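Protein chains in written order, with the numbering used here: chain A, 12 to 325; chain B, 229 to 510.
Heads up, the beta-carbon is just placed ideally off N, CA and C, and yes, glycines get one too.
For clarity, every value in this text was computed on a predicted model and none was experimentally measured.
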Amino acid sequence: MVDMSVDIAGLKLKNPVMPASGTFSEELAEVFDIECLGAHVTKTITRDLRSGNPTPRVCEVDGSMLNSIGIPSKGVRYFLEKTAPFYSAYNTPLVVSISGNTADEFEALCAEVSVDGVAAIEVNVSCPNIEEDGKAFAIRPSSTYEVMSRLRKATRLPLWAKLTPNTGETPEVARAAEEGGADALVVANTLLAMAIDTRTRRPKLGNLMGGLSGPSLKPIALRMAYQCAKATRIPIIGCGGISTADDVLEFLIAGASAVQVGTATFINPTAMVSIIAELEGRLSREGVSSVREIIGTVIDDEQKSGVVFMEAAP
Amino acid sequence: MGKVLSPPLAGTRLPAADVFERDLVVVSNDPVNGEYMRLALKAPLELLERCRAGQFFHLLCPVIGGETPYLRRPMSIYGFFPETGELHFLYKVAGAGTRALFHLGPGDMLNVLGPLGLGFRIEDDWQHLVLVARGVGLATLAPLALEARNRGRRLTAICSARHADVLMSIDYFRDMGADVVTVTDADGTSSMEHVEGVIETLVEKRGVDAFYTCGSNRMLLLLQKLGRRHGIPGEIALEQQMACGLGMCHCCVRPFMQDGKRVQLRVCREGPVFDIQEAMPW
């Protein structure tokens with residue numbers, strides 16, 4: 012028997028595999044028993060109702076996809092009255108993903124969702140900050156620190172900061188999130204991208220641009236997860252293009268303590284179930300007694316920090 | 229009928245496997261005319277018994293013949309036959325997904341997810357059903373004929389196409405006991421004015437209890453108008469690009485008018501069949 016449990020800042024997960032926000036909801040429970048997952052992570056909610064972006068909201072690119080959904084949300088009341096009670100039937104920890112356009116909105120929502128039944132709050136700091144030129148909070152260390160320190164005061168629950176790959180300052184942003192009070196980092200969200208239909212010459216997404224996810228994002232997310240693990244002392248949750256047990260191992264070896272699976276679930280709704288089984292089987296065959304033994308075991312020798320934290324391809 | 233995927237109840241753990249994800253064996257994959265292909269899959273009884281007209285499957289089109297489709301492709305059910313153990317789809321080769329499907333042959337496997345979404349309603353007092361469709365829209369409406377026959381309802385199918393030789397499902401509708409009216413661009417009978425006249429005659433002579441359509445903006449507008457004029461309800465099957473097909477991603481929304489308010493509903497979950505008066509032209 013392999014011990015598959017991991018610890019994310021005091022929150023014990025039965026295994027290191029959980030869904031990525033936006034690729035999971037109550038509906039997946041119709042396909043398999045979602046109690047098998049390490050955690051349940053909700054779609055990002057906002058305080059107010061939001062209808063989301065124009066369609067098309069999705070298109071595929073070679074072996075991956077772009078989306079521009081725009082965080083449609085039924086608001087915090089719906090979450091408290093419907094979503095949270097649904098997940099209360101499960102023992103699996105519930106992680107609620109939140110977003111706000113301003114630090115004030117974030118802070119208020121953070122307090123409102125800090126209720127019984129919520130085990131941790133994932134902070135989607137990859138969304139635009141409308142008070143500061145519309146750049147995502149997690150583009151810059153200063154805005155990351157500011158919002159995280161406000162949130163730290165608003166809740167006693169563990170805070171997971173979900174970083175964006177659209178920054179050129181990954182280690183600095185990671186440290187700013189840690190200093191601001193993040194208990195863990197989710198690395199990372201989607202990468203800003205674009206596709207054009209050459210026949211109509213129109214962008215393939217209704218909102219012009221969208222986020223790249225799927226296997227082509229994986230090496231970028233892996234690089235960031237590695238850098239964040241080196242830059243901070245808090246647990247890293249890897250996210251980006253993970254679709255096999257081998258992908259999970261790659262992130263764990265790089266320093267992640269757990270992973271999120273997103274786009275792979277769109278292709279195979281039972282992807283997480285297979286990944287958990289494959290991962291356990293592989294560790295068992297390799298004589299590993301605990302998945303935790305794998306975390307951060309990358310053999311990278313003694314690299315200079317300038318190499319570890321490089322922000323441009325050499 | 230149709231309400232297969234009810235919303236999850238708070239605090240109730242759902243039984244797993246309400247929806248099937250299965251590798252099914254291809255029985256045949258043959259042209260039905262110059263434009264469309266029919267794909268027949270061997271499917272287990274428990275899957276076929278869950279299927280309803282208007283529902284869809286999310287197909288994992290294979291990486292084959294140089295095609296590399298990535299996301300699943302939603303495709304409405306063309307036919308489901310528990311007696312022969314077959315599930316049918318009708319498709320036109322258009323993009324990477326359908327080009328990949330074209331390469332499938334007997335014995336190959338295709339991974340399907342479904343049946344998904346809400347199918348067509350047939351209320352108990354709807355005795356005469358009228359469907360109006362064109363092109364591949366006829367594929368989505370074909371299983372409605374089967375359901376109508378099974379429930380002993382009268383069905384009139386108004387089938388539209390560019391030419392008579394690409395009219396689809398005519399024989400299928402006739403076999404199901406439907407009255408078939410064909411209209412084509414070639415003989416000038418497919419204009420909305422003419423179709424309106426055909427339907428008005430049906431309303432006057434036989435009475436019509438419900439309209440069904442799929443895929444055409446002009447037909448939607450016509451049936452909305454006729455529905456309002458005569459107080460006849462109706463349903464429309466709609467399409468949208470999808471990612472998950474289950475309702476998680478919110479990619480496949482379309483706008484609808486409900487109680488005077490514009491709302492965004494998911495085609496995969498609240499649809500793909502919607503109230504015809506709530507649907508908005510595109």
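Residue i burial status per 10 Å Cβ neighbour count (16 or more: buried)
i                     : result
residue 54 (chain A)  : buried
residue 51 (chain A)  : buried
residue 273 (chain B) : exposed
residue 429 (chain B) : exposed
residue 29 (chain A)  : buried
residue 89 (chain A)  : exposed
residue 467 (chain B) : buried
residue 200 (chain A) : buried
residue 176 (chain A) : buried
residue 242 (chain B) : In this prediction, residue 242 (chain B) scores a pLDDT of 42, lower than 50, which makes its location untrustworthy; no coordinate-derived value is stated.
residue 92 (chain A)  : exposed
residue 240 (chain B) : Only weak support is given to the placement of residue 240 (chain B): the predicted model assigns it a pLDDT of 44, under 50, and the question is left unresolved by the model.
residue 303 (chain B) : buried
residue 293 (chain B) : exposed
residue 21 (chain A)  : exposed
residue 518 (chain B) : Only positions 229 to 510 of chain B appear in this structure, which leaves residue 518 (chain B) out of reach.
residue 202 (chain A) : buried
residue 316 (chain A) : exposed
residue 37 (chain A)  : buried
For residue i: DSSP bridge partner residues
i                     : result
residue 84 (chain A)  : A:61
residue 29 (chain A)  : A:271
residue 78 (chain A)  : A:69 and A:222
residue 56 (chain A)  : A:109
residue 259 (chain B) : B:265
residue 500 (chain B) : B:346
residue 431 (chain B) : According to DSSP, which records beta bridges pairwise, residue 431 (chain B) is partnered with nothing at all.
residue 486 (chain B) : B:489
Cβ neighbours of residue i in the same chain (closer than 7 Å, five flanking residues each side left out)
i                     : result
residue 300 (chain A) : 13 and 14
residue 83 (chain A)  : 61, 62 and 63
residue 178 (chain A) : 149, 150 and 184
residue 485 (chain B) : 506 and 508
residue 250 (chain A) : 31, 197, 198, 199, 232, 270, 271 and 273
residue 325 (chain B) : 289, 297 and 301
residue 369 (chain B) : 359, 361, 440 and 442
residue 154 (chain A) : 140, 143 and 148
Residue closest to residue i, alpha-carbon to alpha-carbon, out of the options
i                     : options                       : result
residue 27 (chain A)  : A:270, A:226 and A:289        : A:270
residue 355 (chain B) : B:291, B:471 and B:381        : B:381
residue 245 (chain A) : A:202, A:273, A:182 and A:252 : A:182
residue 32 (chain A)  : B:510, B:508 and B:477        : B:477
residue 459 (chain B) : B:446, B:474, B:480 and B:436 : B:436
residue 297 (chain B) : B:261, B:306 and B:287        : B:287
residue 180 (chain A) : A:322, A:25, A:242 and A:160  : A:322
residue 168 (chain A) : A:126, A:152, A:23 and A:47   : A:126
residue 295 (chain A) : A:256, A:307, A:24 and A:317  : A:256
residue 534 (chain B) : B:473, B:463, B:424 and B:444 : The question about residue 534 (chain B) has no answer, for chain B in this structure spans 229 to 510.
residue 419 (chain B) : B:432, B:433 and B:449        : B:449
Cutoff 6 Å; reference residue i; Cβ partners in own chain excluding five residues on either side
i                     : result
residue 112 (chain A) : 141
residue 237 (chain B) : With a pLDDT of 41 at residue 237 (chain B), under the threshold of 50, the modelled position of that residue is not reliable, and the figure given next carries that caveat. Around residue 237 (chain B): no qualifying Cβ.
residue 18 (chain A)  : none
residue 72 (chain A)  : 206
residue 377 (chain B) : 404 and 405
residue 290 (chain B) : 328
residue 233 (chain B) : Confidence at residue 233 (chain B) is low in this model, with a pLDDT of 37, below 50, so its placement is unreliable and the value that follows should be read with caution. So no residue of the chain qualifies.
residue 311 (chain A) : none
residue 161 (chain A) : 114 and 118
residue 306 (chain A) : 263 and 268
residue 308 (chain A) : 264
residue 318 (chain A) : none
residue 95 (chain A)  : 128
Same chain only: Cβ atoms within 8 Å of residue i, ignoring 5 sequence neighbours per side
i                     : result
residue 387 (chain B) : 361, 362, 366, 395, 396, 397, 398, 401, 408, 409, 410 and 411
residue 249 (chain B) : 339, 340 and 341
residue 260 (chain B) : 266, 318 and 396
residue 231 (chain B) : Its pLDDT being 33, under 50, residue 231 (chain B) is placed unreliably in this model, and the value from its coordinates should be taken loosely. The residues are 346.
residue 244 (chain B) : The predicted model places residue 244 (chain B) with a pLDDT of 44, which falls under 50 and marks its position as unreliable; any figure quoted below should be read in that light. Excluding sequence neighbours, residue 244 (chain B) sits near nothing in its chain.
7 Å Cβ cut-off: residues of chain C touching residue i
i                     : result
residue 479 (chain B) : Structure shown: chain C not included; protein chains present are A and B.
Cβ-heavy atom distance, residue i to the ligand ZN, below 7 Å
i                     : result
residue 281 (chain A) : The model on display carries no ligand, and the ligand ZN is accordingly not part of it.
Decide if the stretch 281-300 of chain A is in contact with the stretch 232-252 of chain A; the criterion is three or more beta carbon pairs, one per stretch, under 8 Å apart. no
Between the stretch 215-226 of chain A and the stretch 70-82 of chain A, do at least 3 Cβ pairs fall closer than 8 Å? Here the stretch 215-226 of chain A makes contact with the stretch 70-82 of chain A; the two share three or more CB pairs at distances below 8 Å.
On the three-pair Cβ rule with 8 Å, is the stretch 331-349 of chain B touching the stretch 491-504 of chain B? yes
Counting Cβ pairs, one atom from each stretch, are 3 or more of them under 8 Å apart for the stretch 324-336 of chain B and the stretch 489-497 of chain B? no
Examine the Cβ distances between the stretch 155-174 of chain A and the stretch 189-203 of chain A and report whether three or more of them are shorter than 8 Å. yes
Is it true that the stretch 252-269 of chain B meets the stretch 264-280 of chain A, where meeting means three or more beta-carbon pairs spaced less than 8 Å apart? no
At least 3 beta-carbon pairs within less than 8 Å: the stretch 126-138 of chain A vs the stretch 207-218 of chain A: no
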